[in-house]
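Take a look at the structure below.
Residue numbers (the working numbering): 8 to 145.
Written as structure tokens, this is what we have:
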């Protein structure tokens with residue numbers, strides 16, 4: 008488990024105004040190498056850092072319109088808002104967008120800096136991952 012995963016509050020809602028995403032967040036984990044995922048909402052990886060704890064917060068979801076189907080259409084400089092259990096809202100700015108092979112786990116690995124990583128499947132037969140990186144706006 009990531010060092011930062013035990014501190015901070017659970018993220019409970021994600022809002023990306025530019026692509027009309029405003030969804031509650033479920034909690035998921037990795038069991039025997041399989042990422043458990045909600046079929047109804049974006050999913051917070053419980054072994055990643057919680058918002059505000061100085062690490063990489065990972066939120067992933069299915070490529071369905073009501074979840075992250077529009078994620079590939081965000082642009083650099085747009086905002087993402089994460090609400091935690093207490094109601095506090097963290098604001099992030101998108102600084103990177105990549106379309107990568109599914110084996111690029113380095114993009115969701117723990118980091119020593121505050122980051123938000125959001126990703127979903129993309130491409131023909133979900134052959135790629137759309138990975139969005141955002142930095143906190145303090």
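Cβ coordinates follow ideal geometry from the N, Cα and C atoms, glycine included. This structure is a prediction, so every number in the text was calculated from the model and none was measured.
What runs of the beta strand (DSSP E), each 3 residues or longer, lie entirely inside the region 49-80? 50-52, 63-67
Bridge partners of residue 36, per DSSP? Position 29 of the chain shown holds residue 36. Residue 36 is not bridged to any residue.
Apart from the five residues on each side of it in sequence, which residues of its chain come closer than 6 Å, Cβ to Cβ, to residue 104? Along the chain shown, one-based indexing puts residue 104 at 97. Within the same chain, residue 104 has close Cβ partners 139.
How is residue 122 classed by DSSP in three states: helix, strand or coil? In the chain shown, residue 122 corresponds to position 115, counting from 1. Strand, per DSSP.
Neighbourhood of residue 10 by C-beta, 6 Å cutoff - its chain only, sequence neighbours within 5 removed: Here the question's residue 10 lines up with position 3 in the chain shown. Below a pLDDT of 50, predicted positions are generally treated as unreliable, and residue 10, at 42, falls in that range; no measurement from the model is reported.
Burial state of residue 14 (16 or more Cβ within 10 Å): Against the chain shown, residue 14 aligns to sequence position 7. Flag for residue 14 reads exposed.
When the Cα atoms are used, what is the spatial distance from residue 33 to residue 54? The count along the chain shown starts at 1 and reaches residue 33 at position 26. The count along the chain shown starts at 1 and reaches residue 54 at position 47. Roughly 13 Å separates the two Cα atoms.
Pair within 8 Å by beta-carbon distance, residue 121 and residue 62: Within the chain shown, residue 121 is the residue found at index 114, counting from 1. Within the chain shown, residue 62 is the residue found at index 55, counting from 1. Yes; because the gap between Cβ atoms is below 8 Å, this pair is in contact.
Measure from the alpha carbon of residue 86 to the alpha carbon of each residue in 128, 78, 70, then state which is nearest. Taking the chain shown and counting its residues from 1, the one referred to as residue 86 is at position 79. When only C-alpha atoms are compared, the closest one is 78.
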